[in-house]
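All residue numbers for the sequence shown refer to the numbering used here, where the first residue is 401 and numbers rise by one.
Idealized CB from N, CA, C, for every residue including glycine.
Following: one structure in structure tokens, then a few remarks.
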Amino acid sequence: MIKSALLVLEDGTQFHGRAIGATGSAVGEVVFNTSMTGYQEILTDPSYSRQIVTLTYPHIGNVGTNDADEESSQVHAQGLVIRDLPLIASNFRNTEDLSSYLKRHNIVAIADIDTRKLTRLLREKGAQNGCIIAGDNPDAALALEKPARSQV
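Below you can see the structure in the form of structure tokens.
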């Protein structure tokens, strides 16, 4: 069953997409990373603590995940934003697909949004807090309240 997800920035900008991680909400500063590889390392890097990471490379998750590629013993990012999650993780080191990895670590994530547009917006307007809500009926009004009340 495909669940909806919504990313709302504190300026009110909304991005509708598909939930690919845990159900629930994640609040944090929305940042971006332009790396073509290393998504698992980025998620487990302590420098991304309390941040929602946007990955600009269009296909994220195509090599899956494995224990050897973690920077630390836990995921530090609050949430993940990507353009496309491939249907199959194809790598000889793969032990778990990205969606299952995110769910196991209780990380809320959204796919199927225009990450280039989001990145341009962040570059032009500067850093912003945001909220990802993933589930059956993501509520934009609730998502707008969360960044405003958050101590990010």
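Neighbourhood of residue i by C-beta, 7 Å cutoff - its chain only, sequence neighbours within 5 removed
i, result
"Val-475", "Leu-443, Thr-444, His-505 and Ile-507"
"Thr-519", "Phe-432, Thr-454 and Thr-456"
"His-459", "Asp-484 and Pro-486"
Terminal residues of the beta strand (DSSP E) in which residue i lies
i, result
"Leu-455", "451 to 455"
"Glu-429", "424 to 433"
"Ser-404", "404 to 409"
Chain-order list of residues whose beta-carbon lies under 6 Å from that of residue i (same chain, five-residue window excluded)
i, result
"Gln-551", "Interpretation of Gln-551 is limited by its pLDDT of 48, a score under 50 that renders its predicted location unreliable; the figure taken from the coordinates is listed afterwards. Once the five neighbours on either side are set aside, Gln-551 has no close Cβ partner at all."
"Ser-404", "Pro-538"
Expected contact under 8 Å - CB spacing of residue i and residue j to nearest Å
i, j, result
"Glu-496", "Gly-530", "Not a contact, Cβ separation roughly 27 Å."
"Gly-424", "Ile-452", "The Cβ separation is near 13 Å, so there is no contact."
Endpoints, the alpha helix (DSSP H) within which residue i is located
i, result
"Ile-442", "439 to 443"
"Lys-502", "The identity of residue 502 in the sequence shown is Leu, whereas the question assumes Lys. Note, Leu-502: alpha helix (DSSP H), 498 to 504."
Sheet register partners of residue i (DSSP bridge)
i, result
"Thr-465", "Glu-496"
"His-459", "Asp-484"
"Asn-529", "Glu-429"
"His-476", "In DSSP, His-476 forms no bridge with anything."
### Query
Does the pairing of the region 435 to 442 with the region 406 to 420 give three or more beta-carbon distances under 8 Å?
no
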